Structures are given as structure tokens and as C-alpha cells.
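Let me begin by presenting the structure, written as C-alpha cells, before commenting on it.
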Amino acid sequence: MNLYATLILAFGMSMDAFAAAIGKGASLQRPGLREALRIGLIFGAIEALTPLIGWGVGIAASRYVMAWDHWVAFTLLLVLGGRMILEGFRKKDEECEAPQRHGFWLLAMTAVATSLDAMAVGVGLAFLQVNIVTTALAIGASTLVMASAGILLGRFLGPVMGKWAEIFGGVVLIGIGTSILVEHLGIL
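Under the numbering used here, think of the first position of the sequence shown as 500, with each following residue one higher.
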């Protein structure tokens, strides 16, 4: 795989994280560059690990991983998104004070859910002559940049949206999960 194809793949793999990061950034209280980079690093590291894991199990278990990855991603994103929507509706307008930062485990769960497609890509790459380390690093770096940018973009959306920011973030996560499921099932 040439450099151009690797960069396109990396950019494509980072788009789910970008969309999720916008929702996460919108639900925070004016996240700064440091918080954006922290979240971007969590998303990027996980997004870089998943194709390595997929590549590692690809030869032995590709049909099992590819048969279930979309259901796992959909379920995780549905649960996380549903939780965000419920929390958004539970807030009254006057208690719209957004948190300063999201917890590591919540971010890691979101990152895992949005990176399961990268694991499936890793499975596919196991059958090609690809430098998986370089490809995984490109995917991780692209995700770091895109997720950080998503957080900063969400920063501007959060104050405008108020309590609806968390609801928006939940809808985005559910939308990503549904998109992954529809794409893998070949419905559209």
C-alpha cells in the first residue's frame, strides 16, 4: 500500500472519532487545547491499537471478528449515546453547568466503540503486504488530530446548545453506531 492510500485510509478511519469528539467537546465547559489533546491522544492511541489487534488475529479468526464487530460497535455506541441523551434530558436549564473534563474510562469506551471498524480493517490488512505498524501509526496520528479538532469545534457548539449539547452528543454516537451497523449489514 502506498503513502497516498495509507493517508486516505488513516483519514477515513478517523472520521468516526471526529464526529464523536464534536459531541464530547460540546458537552464540556469550554475545553482548551490541553483537554482537546488529552482526548485526541486517548482516541488516537486506541485507534492505532485496534488495527494492530485486528491484524494479529486476522489470519486465524477473521471471519469471527468481521462477523460481530459491527454489532459490538453498535451496542456500545447505543448504550453510551443513550446514557448521554438521558443525562441531557435530566438536566434542568439552570443546572446546565458542563463538566470540565470527561473521565478516562468513558472516553476509552467511546474510542473503542468508534475504532472497531479499524480492527476490521486490520483483519483485512493481514492478507495484504502492508507495513501494519506504519499504517496503525498513521491511523492513530490522524485520529489524534481529528479528535482534538472535534473537541475544539465542539467547544464553540456547547455554549450555543446549552443542555442540548449532551443530547446532541448522544445522538451523534447512536448515529455513528447505526451507520456502522447499516454499512456492515449492507442495508443501504
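Using N, Cα and C, we set each Cβ at its ideal position, and we do this for glycine too.
Predicted, not measured: the structure shown is a model, and the values here were computed from it.
- Annotation for residue 623: the continuous alpha helix (DSSP H) segment containing it runs 603 to 624.
- Residue state for residue 526 is assigned as coil, using DSSP reduced to three classes.
- Measuring C-alpha to C-alpha distances from residue 655 to each of 502, 632, 587 and 523 identifies 523 as the nearest.
- By the C-beta density criterion, residue 541 is buried, having at least 16 other C-beta atoms within 10 angstroms.
- Here residue 509 really is in contact with residue 638; their C-beta atoms are around 5 angstroms apart, less than 8 angstroms.
- When DSSP states are grouped into helix, strand and coil, residue 500 belongs to the coil group.
- In its chain, beyond the 5 residues on either side, 569 have a beta carbon closer than 7 angstroms to the beta carbon of residue 683.
- In the three-state reduction of the DSSP assignment, residue 579 falls in the helix class, which pools H, G and I.
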